[in-house]
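Residue numbering for the sequence shown follows my numbering, beginning at 124 and increasing consecutively. A short write-up of the structure that comes next.
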Amino acid sequence: MPAIEEELTIEEFLAAEQAKDLLRFTTAGSVDDGKSTLIGRLLYDSRNVYEDQVRAVTQTQGSIDFALLTDGLRAEREQGITIDVAYRYFTTPRRRFIIADTPGHEQYTRNMATGASTADLAIVLIDARKGILTQSRRHAFIASLLGIPHVIAAVNKMDLVDYSQEVFLALQQQLAELARELAIPDLLAIPISALEGDNVVSPSERMPWYDGPTLLEHLETVPTKEFTLDAAFRMPVQRVLRPHQDFRGFAGQIASGVIRPGDEIRVQPSGRTARVKSIVTFDGELELAHAPQSVTLTLDRELDISRGDLITAAQQTAEAASLFEASLVWMQNEPLDPARTYLLKHTTRTVKAQVRLRHRIDINTLDERTDGALEMNGIASVEIETSQPLLADAYRDNRITGSFILIDPETNSTAAAGMIRSISAQAEPLKSREAVAVVTASAAQMRGLEEALAARGHIIVTTRVTDRSVWRSLLQIGVTVLVLADRTTGPMLAHLDGATGIAVEPLLPEADLLLAVLSYSSKERA
Ligand SMILES: Nc1nc2c(ncn2[C@@H]2O[C@H](COP(=O)(O)OP(=O)(O)OP(=O)(O)O)[C@@H](O)[C@H]2O)c(=O)[nH]1
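Right, dumping it as structure tokens:
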């Protein structure tokens with residue numbers, strides 16, 4: 124551990140640590156490429172291991188087994204972690220780091236997706252003797268799929284190729300091509316020897332031809348906040364706070380962007396705007412807040428805001444959509460079943476979702492395949508339709524409002540991680556009319572449907588199932604009438620169909636709730 128410098132009190136030391144910025148990174152490599160050795164070397168050379176941990180892995184001849192060091196640390200961390208990713212923390216004078224270390228070679232994709240979902244950077248290990256293998260391509264592909272902005276290709280075991288510049292340059296060129304092919308914006312190749320310590324923390328004397336940064340130097344200086352600060356302001360509302368009559372605040376974690384008192388915001392889905400009056404935190408009011416801080420906003424006017432709403436920059440709003448294209452990384456044993464309804468958790472909301480498989484991606488060749496099922500560790504392009512609209516962005520614009528997880532409603536376990544690729548322009552399965560009347564038995568169902576319709580710009584006339592005369596007259600004046608019926612009221616619709624000349628057109632035939640459009644059949648009109 125780095126020694127606490129004499130002149131600092133413990134409080135000062137902790138405050139200094141907190142003030143340092145944080146880089147999250149993940150590591151990927153094939154078996155025996157040297158991932159454990161590299162992490163051990165990185166922690167040891169940057170003085171982030173305790174002496175007793177070092178003593179335990181020092182061999183009789185005095186050399187340290189770095190892989191064993193990592194495995195020891197890994198075993199300590201693995202207890203109680205359900206998914207197979209160990210998060211390891213270390214710090215240098217310039218930055219704090221969290222490594223999402225993904226051991227286990229079987230469930231690589233799933234683990235990598237879990238570990239990498241919040242990563243700023245991925246280290247892909249390559250054995251200098253073997254070159255770029257199918258697995259290296261796969262790791263780089265997953266990094267690009269997950270939108271990790273920075274990739275280090277650590278060309279390891281340079282000691283076994285005599286620290287050859289030619290070997291490295293050839294690999295560097297192939298890696299640059301791979302980066303172009305996968306649209307990875309920043310890929311840096313670094314020649315290292317994890318075992319000997321070359322270019323990991325200290326520059327290598329055996330590779331004087333290399334004039335780039337060492338691995339740690341690059342980790343310490345690569346930009347981290349570009350996404351969260353440059354992106355449009357987004358804050359999903361977690362709670363509405365109303366401790367007394369005079370205070371009403373909206374609490375949540377800022378997903379992206381910055382906010383200041385006086386900024387104009389918009390609340391979605393209602394679309395209403397207001398200005399930020401104050402930004403309240405435990406430590407007092409702020410003049411500026413940014414992702415990923417948790418804050419409470421107060422506004423200059425009363426707006427009806429509830430949990431699950433999204434506060435955005437007034438002019439840069441998210442899309443309200445219930446139909447979109449996404450990439451999925453499948454994470455559970457049972458393959459995707461398109462006939463089932465899954466739960467979809469997106470920021471602070473959970474809704475029901477239907478998933479249609481477009482094609483799977485062969486992760487080794489990157490080919491698209493329309494045969495076969497989407498199984499554990501598989502990646503696919505899918506179309507998703509949700510029961511209520513999400514307030515979402517494309518993943519490339521926002522990694523938080525652009526991502527979601529699918530939950531298996533039977534087991535409550537995570538079925539898949541998803542990234543929104545595009546929000547469909549045809550997210551308009553309802554007939555576009557100026558007004559829509561909704562007939563429903565329950566207020567709870569009503570609220571969900573109202574939101575969905577409002578988000579699509581419909582005007583809503585509310586009526587009850589029993590108010591037949593009301594919706595019949597609405598039909599007569601040409602208003603689209605939607606009926607949201609459940610299993611008890613559903614049969615009533617079937618009865619309608621034959622007896623009254625009103626056509627019933629189910630919109631979501633598979634859903635638990637029957638959503639149908641009513642119109643007079645042509646027979647009746649004629
Ligand atoms: N010569 C040489 N050997 C290395 C280097 N890095 C790792 N090794 C050796 O390669 C073997 C595999 O290393 P590990 O660190 O266990 O590799 P790994 O299988 O990727 O690690 P995990 O999958 O994380 O367990 C070990 O025998 C290491 O000593 C290197 O830079 N040079």
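Glycine included, each C-beta is placed from N, C-alpha and C at the ideal position. Because the structure is a prediction, the values reported are computed rather than measured.
Beta-bridge partners of residue i, as assigned by DSSP
{"i": "residue 528", "result": "468 and 540"}
{"i": "residue 438", "result": "DSSP, once it has assigned bridges, lists no residue as partnering residue 438."}
{"i": "residue 368", "result": "The partner list for residue 368 (beta bridge, DSSP) is empty, contrary to what the question assumes."}
{"i": "residue 491", "result": "484"}
{"i": "residue 376", "result": "417"}
{"i": "residue 210", "result": "223"}
{"i": "residue 393", "result": "In DSSP, residue 393 forms no bridge with anything."}
{"i": "residue 152", "result": "Answer by DSSP bridge pairing: none, since residue 152 is not bridged."}
{"i": "residue 244", "result": "148 and 273"}
{"i": "residue 401", "result": "421"}
{"i": "residue 479", "result": "506"}
Three-state secondary structure assigned by DSSP to residue i
{"i": "residue 167", "result": "helix"}
{"i": "residue 261", "result": "helix"}
{"i": "residue 291", "result": "helix"}
{"i": "residue 159", "result": "helix"}
{"i": "residue 334", "result": "coil"}
{"i": "residue 303", "result": "helix"}
{"i": "residue 249", "result": "strand"}
{"i": "residue 133", "result": "helix"}
{"i": "residue 358", "result": "strand"}
{"i": "residue 633", "result": "Its pLDDT being 42, under 50, residue 633 is placed unreliably by the model, and the measurement read from it follows with that caveat. In this structure, residue 633 counts as coil in the three-state DSSP scheme."}
{"i": "residue 297", "result": "helix"}
{"i": "residue 142", "result": "helix"}
{"i": "residue 266", "result": "helix"}
{"i": "residue 339", "result": "helix"}
{"i": "residue 324", "result": "coil"}
{"i": "residue 344", "result": "helix"}
{"i": "residue 283", "result": "helix"}
{"i": "residue 352", "result": "helix"}
{"i": "residue 412", "result": "strand"}
8 Å Cβ cutoff met for residue i and residue j
{"i": "residue 398", "j": "residue 422", "result": "yes"}
{"i": "residue 359", "j": "residue 470", "result": "yes"}
{"i": "residue 242", "j": "residue 161", "result": "no"}
{"i": "residue 508", "j": "residue 446", "result": "yes"}
{"i": "residue 417", "j": "residue 408", "result": "no"}
{"i": "residue 357", "j": "residue 441", "result": "yes"}
{"i": "residue 465", "j": "residue 529", "result": "yes"}
{"i": "residue 268", "j": "residue 502", "result": "yes"}
{"i": "residue 467", "j": "residue 505", "result": "no"}
{"i": "residue 150", "j": "residue 222", "result": "yes"}
{"i": "residue 166", "j": "residue 213", "result": "yes"}
{"i": "residue 248", "j": "residue 157", "result": "yes"}
{"i": "residue 283", "j": "residue 252", "result": "yes"}
{"i": "residue 525", "j": "residue 538", "result": "no"}
Reference residue i; option with closest CA among the options
{"i": "residue 420", "options": "403, 436 and 280", "result": "403"}
{"i": "residue 159", "options": "255, 279 and 373", "result": "279"}
{"i": "residue 320", "options": "428, 504 and 168", "result": "168"}
{"i": "residue 531", "options": "343, 473 and 294", "result": "473"}
{"i": "residue 143", "options": "163, 215 and 449", "result": "215"}
{"i": "residue 676", "options": "324, 288 and 263", "result": "Since the first residue shown for the chain is 124 and the last is 649, residue 676 is missing from the structure and cannot be characterised."}
{"i": "residue 494", "options": "247, 486 and 480", "result": "480"}
{"i": "residue 332", "options": "318, 361, 286 and 430", "result": "286"}
{"i": "residue 382", "options": "498, 415 and 391", "result": "415"}
{"i": "residue 112", "options": "372, 519 and 155", "result": "The question about residue 112 has no answer here: the residues shown for the chain are numbered 124 through 649."}
{"i": "residue 432", "options": "541, 377, 341 and 519", "result": "377"}
{"i": "residue 312", "options": "324, 323 and 298", "result": "298"}
{"i": "residue 290", "options": "274, 219 and 250", "result": "250"}
{"i": "residue 665", "options": "430, 490 and 314", "result": "This structure cannot settle anything about residue 665, because the visible part of the chain is limited to 124 through 649."}
Local Cβ density within 10 Å of residue i, reported as buried at 16 or more and exposed below that
{"i": "residue 461", "result": "exposed"}
{"i": "residue 389", "result": "buried"}
{"i": "residue 148", "result": "buried"}
{"i": "residue 256", "result": "exposed"}
{"i": "residue 201", "result": "At residue 201 the pLDDT is 43, less than 50, meaning the model places this residue with poor confidence; the figure from the coordinates comes in the next sentence. Answer is exposed; the Cβ neighbour count stays below 16."}
{"i": "residue 367", "result": "exposed"}
{"i": "residue 334", "result": "exposed"}
{"i": "residue 536", "result": "exposed"}
{"i": "residue 310", "result": "buried"}
{"i": "residue 435", "result": "buried"}
{"i": "residue 292", "result": "exposed"}
{"i": "residue 153", "result": "buried"}
{"i": "residue 128", "result": "Unreliable placement is indicated for residue 128, whose pLDDT of 45 sits below 50; the coordinate value is still reported in the next sentence. Flag for residue 128 reads exposed."}
{"i": "residue 555", "result": "Any reading at residue 555 must be qualified, since the residue scores a pLDDT of 34, below 50, and its modelled position is unreliable; the value itself is stated next. Residue 555 should be labelled exposed."}
{"i": "residue 438", "result": "exposed"}
Any C-beta of chain B under 8 Å from that of residue i
{"i": "residue 303", "result": "Considering every chain present, this structure includes no chain B. It has just one protein chain."}
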